[in-house]
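Report on the structure given below.
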Amino acid sequence: MKIRDEFLPLSRPALGEEEVAAVAESLRSGWITSGPKVAELEGIFRETTGAPHAVAVTSATAGLHIVLSALGIGPGDEVATPSMTFASTVNQIVL
Numbered sequence: 001m002k003i004r005d006e007f008l009p010l011s012r013p014a015l016g017e018e019e020v021a022a023v024a025e026s027l028r029s030g031w032i033t034s035g036p037k038v039a040e041l042e043g044i045f046r047e048t049t050g051a052p053h054a055v056a057v058t059s060a061t062a063g064l065h066i067v068l069s070a071l072g073i074g075p076g077d078e079v080a081t082p083s084m085t086f087a088s089t090v091n092q093i094v095l
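Following our numbering, the residues of the sequence shown are numbered contiguously, the last one being 95.
The following block contains the structure:
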């Protein structure tokens, strides 16, 4: 039996030269965790969704944590979630 050693990605990013150039531009600017590009993204998101506010976070996990806190969901509350989901979904609920 042949053992396969190929990488099976959970989700492979689709990056072209434009995306690589944008990342390089941000790195060279000195703004990594905040700054004009983040503000621009939040503005585009507000305009696209019609939301009055938008806050960019580092991951969906961080976003789930903020949403659960904002909704006042805590110990003892019942939260329904699909059984087929990423681990961080349930982790944020039980933590």
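No residue lacks a Cβ here, since even glycine has one placed at the ideal position from N, Cα and C.
Since the model is a prediction, treat every value here as computed from it, not as a measurement.
Per DSSP, E42 is one residue of the alpha helix (DSSP H) stretching across 36-49. Judged by DSSP secondary structure, G63 falls within the alpha helix (DSSP H) whose first and last residues are 60-70.
In terms of Cβ geometry, F45 and A54 form a close pair [threshold 8 Å].
Residue range 17-29 is occupied by the alpha helix (DSSP H) that includes R28. A Cβ-Cβ separation of about 5 Å places E42 in contact with A56 under the 8 Å criterion. With contacts defined as CB atoms closer than 8 Å, T85 and I93 fail to qualify as a contacting pair. Rounded to the nearest whole angstrom, the C-alpha separation of L15 and A21 is 10 Å.
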